[in-house]
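Colleague: Would you mind keeping the following structure in view while I ask a few things?
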Amino acid sequence: MEERLQKILAGAGVASRRKCEELILGGKVQVNGETVTALGTKADPDVDEITVDGKAIGTEKKMYLVFNKPKGVITSASDPQGRKIVTDYLKGITERLYPVGRLDYDTEGLLLLTNDGEFAHLLTHPKHHVAKTYLATVKGVPHGSELDKLKNGIMLEDGMTAPAEVEYHDIDSEQRHSTISITIYEGRNRQVRRMFEAINHPVTKLKRISFGDLFLGNMKRGLFRHLTKDEVESLVKLAKQAGKSSAGRSAIKSPADSSIKAVEEFKPKPKPKPRPNTEPATKSANAQTTTARSASGKPASTKATAKPASKQAARSSSRPTSKAKPAGRAGANGSRNRKAGDSRRRRK
879 MEERLQKILA GAGVASRRKC EELILGGKVQ VNGETVTALG TKADPDVDEI
929 TVDGKAIGTE KKMYLVFNKP KGVITSASDP QGRKIVTDYL KGITERLYPV
979 GRLDYDTEGL LLLTNDGEFA HLLTHPKHHV AKTYLATVKG VPHGSELDKL
1029 KNGIMLEDGM TAPAEVEYHD IDSEQRHSTI SITIYEGRNR QVRRMFEAIN
1079 HPVTKLKRIS FGDLFLGNMK RGLFRHLTKD EVESLVKLAK QAGKSSAGRS
1129 AIKSPADSSI KAVEEFKPKP KPKPRPNTEP ATKSANAQTT TARSASGKPA
1179 STKATAKPAS KQAARSSSRP TSKAKPAGRA GANGSRNRKA GDSRRRRK
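Throughout the sequence shown, residue numbering follows the numbering used here, covering 879 to 1226 in sequence.
Here's what the structure looks like:
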C-alpha cells in the first residue's frame, strides 16, 4: 500500500518524521534509484526499493524505552564537545533510537526513546497537547497571584503560553526556595524555565516526572526500561484523544481573555451622585423673611417661623387709630359753658 515517503521512513526507524522530511528535502532519499525531494511523494515499501544515503531501509523491530536522564547529559546521539549523551547509558541496545521530545542539558527526569517515528510524531506534535509534568525548584516562594499568571498563560518572547496546571509541592523552612509542580501541554525550548523567569523566580532544579499517563516512579537516575505493550497503546490513545479536543483548546486565543471578561463582569458599579439638598417651600420663604428683616435694620429673628395671621389681626384691631377724649370730660365742659351763659344774661 502506498504511503507518504516520510511516513515510511519514520516507520522504518530511520528518524522522526520531521527529520525524515529534512532528509528528503536534502536529497538523501532515493526511490528505485531516483532521488526524491518532494515531500508529497508516495511509495509502497513492499514494492519499491527505498534507500537513504545509498543504504536500503529495513523493517526494524519497534522499540520503546523510558529513561531517567541525569542532569548534565545531552539529549542527542552525538555531541561535538564530547559531553555525555543519552546513548552512553543504553548498554546492550543496538537499535538506532532517538528521543521523543527533548530535555535540556540541566534538566533531569523522564525521557522517552524509540525507533518508531510515527509514535514520536504523535506524542510531540503541538496539536495533540500531551501533558508533561515537572517539579521545579525555584528561588523564593511565588505568591498565589504569580502562580495564577502561569495558570492563565503568560507572555514569553515567542508568544503567550497555554494554560498550565500549577500547585505548591514543597517549601523550605527559611522560604529561600520552593518546589512547584507544573503541568504544561506544549514543548517549547526551555519553556518551564522561561515561565518562572517571567515571574522573577528562576529555576534552580528541574525534573520531569511524567509524560502523559506514564510516570517515572522510583527509577534511579541513569537507568532505563522497556515500555509494555499496554503502556505504548495507552500513550497512543491518549495522544489521539487529546488531538481531537485540540480544536477547543486552540479556539481560546489567550487565557487572559477569560480573566479580563471576569474582571469586567465583577467591576463595581459607580456610586450614585448625591441628591441636591432641597428644603420645603415654607422654610425657604421664612428664611427670606428673616433675611429681609435683617437688611431693614431690625434685629433678625433666630427662628424663621411666622406668627399666626389671626393674632396679628386681633392686635391691630385692638389698637386705637386716633386719640378720643373720654365722654365724661366732654359732658362736664358742656355744663360749665351753660352756667357761664346764664350768669351773663342775668347781669344784663
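Ideal Cβ placement from N, Cα and C applies to all residues, glycine included.
Express the C-alpha separation of His1104 and Leu1094 in angstroms, rounding to a whole number.
Modeller: Here the question's residue 1094 lines up with position 216 in the sequence shown. Here the question's residue 1104 lines up with position 226 in the sequence shown. Using only the alpha carbons, I get a separation of about 13 Å.
Colleague: Mind checking which residues open and close the alpha helix (DSSP H) that includes His999?
Modeller: Against the sequence shown, residue 999 aligns to sequence position 121. Residues Gly995 to Thr1002.
Colleague: Could you have a look at Lys1115 and say whether DSSP puts it in helix, strand or coil?
Modeller: Reading the sequence shown from its first residue, position 237 is the one you call residue 1115. Looking at Lys1115 - three-state DSSP - the assignment turns out to be helix.
Colleague: Going straight from the alpha carbon of His1047 to that of Ser1059, what length do you get?
Modeller: Within the sequence shown, numbered from 1, the residue matching residue 1047 stands at position 169. Within the sequence shown, numbered from 1, the residue matching residue 1059 stands at position 181. Looking at the two C-alpha atoms, the distance is approximately 6 Å.
Colleague: For His1021 and Leu1084, I'd like the C-alpha separation in whole angstroms.
Modeller: Within the sequence shown, numbered from 1, the residue matching residue 1021 stands at position 143. Within the sequence shown, numbered from 1, the residue matching residue 1084 stands at position 206. Looking at the two C-alpha atoms, the distance is approximately 19 Å.
Colleague: Where do the N-terminal and C-terminal ends of the alpha helix (DSSP H) with Ser1023 fall, by residue?
Modeller: Translated into the one-based positions of the sequence shown, residue 1023 becomes position 145. Counting along the chain, the alpha helix (DSSP H) containing Ser1023 begins and ends at Gly1022 to Asn1030.
Colleague: Threshold first: 3 residues or longer. Then list the beta strand (DSSP E) segments lying entirely within the segment 888-939, N to C.
Modeller: Taking only runs of at least 3 residues, the beta strand (DSSP E) segments lying wholly in the segment 888-939 are 907-909 and 928-930.
Colleague: Starting from Arg1071 and walking both ways along the alpha helix (DSSP H), at which residues does that stretch end?
Modeller: Start at 1 with the first residue of the sequence shown, and residue 1071 comes out as number 193. Taken as a continuous stretch (DSSP letters only), the alpha helix (DSSP H) holding Arg1071 covers Gln1069 to Ala1076.
Colleague: Could you have a look at Asp1108 and say whether DSSP puts it in helix, strand or coil?
Modeller: Your numbering for residue 1108 matches position 230 in the sequence shown. The answer is helix: DSSP assigns Asp1108 an H, G or I state.
Colleague: Have a look at Lys920, Glu973, Val1008 and Ala1076 and flag the residue whose alpha-carbon is nearest the alpha-carbon of Gly979.
Modeller: Within the sequence shown, the letter at position 101 stands for residue 979. The shortest C-alpha separation from Gly979 is found at Val1008.
Colleague: Are His999 and Ala888 close, meaning C-beta to C-beta below 9 Å?
Modeller: Counting from 1 along the sequence shown, the entry for residue 999 is found at position 121. Counting from 1 along the sequence shown, the entry for residue 888 is found at position 10. For His999 and Ala888, yes; Cβs fall inside 9 Å.
Colleague: Give me the residue from Glu1111, Ala1117 and Gln908 with the minimum Cα distance to Ile940.
Modeller: Within the sequence shown, the letter at position 62 stands for residue 940. The residue you asked about is not Ile; residue 940 is Lys in the sequence shown. Nearest C-alpha to Lys940: Glu1111.
Colleague: Which residue wins for smallest C-alpha separation from Glu986, given the options Arg1068, Lys949 and Leu883?
Modeller: Mapped onto the sequence shown, residue 986 falls at position 108. Answer by Cα proximity: Lys949.
Colleague: Could you pull the DSSP bridge partners for Pro958 from this structure?
Modeller: Within the sequence shown, numbered from 1, the residue matching residue 958 stands at position 80. Pro958 is not bridged to any residue.
Colleague: In terms of residues, what are the limits of the beta strand (DSSP E) holding Ser1056?
Modeller: Sequence index remark: in the sequence shown, residue 1056 carries index 178 (1-based). Counting along the chain, the beta strand (DSSP E) containing Ser1056 begins and ends at His1055 to Ile1062.
Colleague: Enumerate in chain order the residues of its own chain whose CB-to-CB distance from Pro1041 is below 7 Å, with the five nearest sequence positions on each side excluded.
Modeller: Here residue 1041 is taken as the residue at index 163 of the sequence shown, counted from 1. These residues qualify, in order along the chain: Lys1029, Asn1030, Gly1031 and Pro1133.
Colleague: Would you say Asp1050 lies against chain B (beta-carbon separation less than 9 Å)?
Modeller: The structure shown contains no chain B; it is built from a single protein chain.
Colleague: For the structure I just gave you, are there three or more beta carbon pairs, one from the segment 960-970 and one from the segment 1050-1065, closer than 8 Å?
Modeller: Short answer: they don't touch.
Colleague: I need the boundaries of the beta strand (DSSP E) containing Gly987, first residue and last residue.
Modeller: Stepping through the sequence shown from its first residue, residue 987 is reached at position 109. That run of the beta strand (DSSP E) goes Glu986 to Thr992.
Colleague: Could you tell me the distance, in whole angstroms, from the CA atom of Ala1129 to the CA atom of Arg896?
Modeller: As a first step, residue 1129 must be located in the sequence shown, where it is residue number 251. As a first step, residue 896 must be located in the sequence shown, where it is residue number 18. Annotation note: pLDDT 34 at Ala1129 (below 50); position unreliable, coordinate value reported separately. Straight-line Cα distance between these residues: approximately 26 Å.
Colleague: Skipping 5 residues on each side, what residues in its chain have a beta carbon closer than 6 Å to that of Ile963?
Modeller: Working through the sequence shown from its first residue, we reach residue 963 at position 85. Same-chain partners within the cutoff: Ile952, Ser954 and Asp957.
Colleague: Spatial neighbours of Lys1098 within its chain, please: CB distance less than 7 Å, with the 5 preceding and 5 following residues excluded, ordered by chain position.
Modeller: Stepping through the sequence shown from its first residue, residue 1098 is reached at position 220. Correct list, in chain order: Asn946.
Colleague: In three-state terms, what does DSSP make of His1079?
Modeller: By 1-based counting over the sequence shown, the position of residue 1079 is 201. Correct three-state label for His1079: coil.
Colleague: Measure the C-alpha to C-alpha separation of Arg1072 and Pro1004 and round it to an integer number of angstroms.
Modeller: Residue mapping note: residue 1072 aligns to position 194 of the sequence shown, counting from 1. Residue mapping note: residue 1004 aligns to position 126 of the sequence shown, counting from 1. So the two alpha carbons sit approximately 18 Å from each other.
Colleague: Note down, in chain order, each residue of its chain lying with its Cβ closer than 8 Å to the Cβ of Ala1163, except the 5 sequence neighbours on either side.
Modeller: On the sequence shown, position 285 is the one that residue 1163 refers to. Below a pLDDT of 50, predicted positions are generally treated as unreliable, and Ala1163, at 48, falls in that range; the measurement from the model is reported next regardless. Excluding positions up to five away in sequence, the list is empty.
Colleague: Note down the Cα distance separating Asn993 from Thr1002, rounded to an integer number of angstroms.
Modeller: Counting from 1 along the sequence shown, the entry for residue 993 is found at position 115. Counting from 1 along the sequence shown, the entry for residue 1002 is found at position 124. Straight-line Cα distance between these residues: approximately 14 Å.
Colleague: Identify, in the order they occur along the chain, each residue of the same chain with its Cβ nearer than 8 Å to the Cβ of Lys1185, setting aside the five sequence neighbours on each side.
Modeller: Within the sequence shown, numbered from 1, the residue matching residue 1185 stands at position 307. Only weak support exists for where Lys1185 lies, its pLDDT of 46 falling under 50; the value from the coordinates is given anyway. Hits under 8 Å: none found.
Colleague: Apart from the five residues just before and just after Glu1039, which ones in its own chain have a Cβ nearer than 6 Å to its Cβ?
Modeller: On the sequence shown, residue 1039 is found 161 positions in, with the first residue counted as 1. The question names Glu, but residue 1039 is Thr in the sequence shown. Gly1031 and Ile1032, listed in sequence order.
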